[in-house]
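Peer 1: Starting off with a structure, shown below.
In full-length UniProt numbering, the protein residues as written are 1 to 210.
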């Protein structure tokens, strides 16, 4: 497979500052297909309120997180999802080759933020479990404008922990950042906001015990 031209600069930027963006990872047709699939799944009632915490500590807290999610099954992908997984796996392999991250697999869910919903500042690693290393957020929103809200706010500088960088969730934009070191939040959306969030993960030793 020929290496996509966006991957090398994306990885280089990610390594240097902890986060990176590109609009070259997916075609407009691929973004539209994923957006339409998310809408169809939502009409079918497939999305569920997102929880915070892990395992027995999970809880639904709308004062912290207001999105609804649908987990993808990489073993049973739809055609639209197949294109997504191919890109993510190519990126995973190249990250391993260049940064020696030992990334073993990925997980992902579609997310819908209704108007008025948000997600308070957090890290993407569950307490006591350090499997997620790279977060990848793909936005599916057509014609998104700053007044629509819903920006992803990153806090990448440990020496200026309250200095945020806002990323507009425009359709076709892929954002990658370190799951374990970069706090982030989703600002309140003023219209329905669609995204596909994935995580590249290390090997889970507990999986051998299941």
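In this text, a Cβ means the ideal position worked out from N, Cα and C, and glycines have one as well.
1) Taking the Cβ atom as the reference point for each residue, do residue 138 and residue 166 lie within a distance shorter than 9 Å?
2) Between residue 91 and the rest of its own chain, which residues show a CB-CB distance below 7 Å, the 5 nearest in sequence each way excluded?
3) In terms of residue numbering, what span does the alpha helix (DSSP H) encompassing residue 168 cover?
4) Considering only residues of the UniProt domain "Fe2OG dioxygenase" (99-202), which uninterrupted beta strand (DSSP E) runs meet the minimum length of 3 residues and lie entirely inside it, listed in chain order?
5) Are the region 37-46 and the region 66-81 touching by the rule of at least three beta carbon pairs closer than 8 Å?
6) Using the Cα positions of residue 109 and residue 159, report the straight-line distance between them to the nearest angstrom.
7) Residue 23 and residue 176 look like a contact to me (Cβ under 8 Å); what is the Cβ gap, rounded to whole Å?
8) Given 8 Å as the limit, is there contact between the region 98-105 and the region 141-156, that is, 3 or more CB pairs closer than that?
9) Quick one: is residue 130 buried, meaning 16 or more other Cβ sit within 10 Å of its Cβ, or exposed?
10) Beta-carbon within less than 7 Å of residue 61's beta-carbon, same chain only, minus the 5 sequence neighbours each way: which residues are those?
11) Please look up how many angstroms separate the CB atoms of residue 4 and residue 113, rounded, as I've assumed it's under 8 Å.
12) Could you name each continuous beta strand (DSSP E) segment of 3 residues or more that falls completely within the region 16-43, going from the start of the chain to the end?
13) Whole angstroms are fine: how far does the CA of residue 162 sit from the CA of residue 181?
14) Of all the options 198, 76, 35, which has the alpha carbon lying nearest to the alpha carbon of residue 143?
15) Within 10 angstroms of its Cβ, does residue 135 collect 16 or more other Cβ (buried), or is it exposed?
16) Just grab the DSSP bridge partners of residue 48 for me.
17) Excluding sequence positions up to five away, which residues of its chain have a Cβ less than 6 Å from the Cβ of residue 37?
18) Using a Cβ-Cβ cut-off of 6 Å (strictly less than) and excluding sequence neighbours within five positions of residue 65, which residues of its own chain qualify?
Peer 2: Quick answer:
1) no
2) 7
3) Unbroken run through residue 168: none, as it is neither H nor E.
4) 103-113, 119-122, 132-139, 152-154, 165-167, 174-178, 184-186, 193-202
5) yes
6) 32 Å
7) With a Cβ gap of about 13 Å, residue 23 and residue 176 do not count as contacting.
8) no
9) exposed
10) 52
11) Wrong, their Cβ atoms sit about 29 Å apart, outside the cutoff.
12) 19-22
13) 14 Å
14) 35
15) buried
16) 69
17) 80
18) 50, 52, 119
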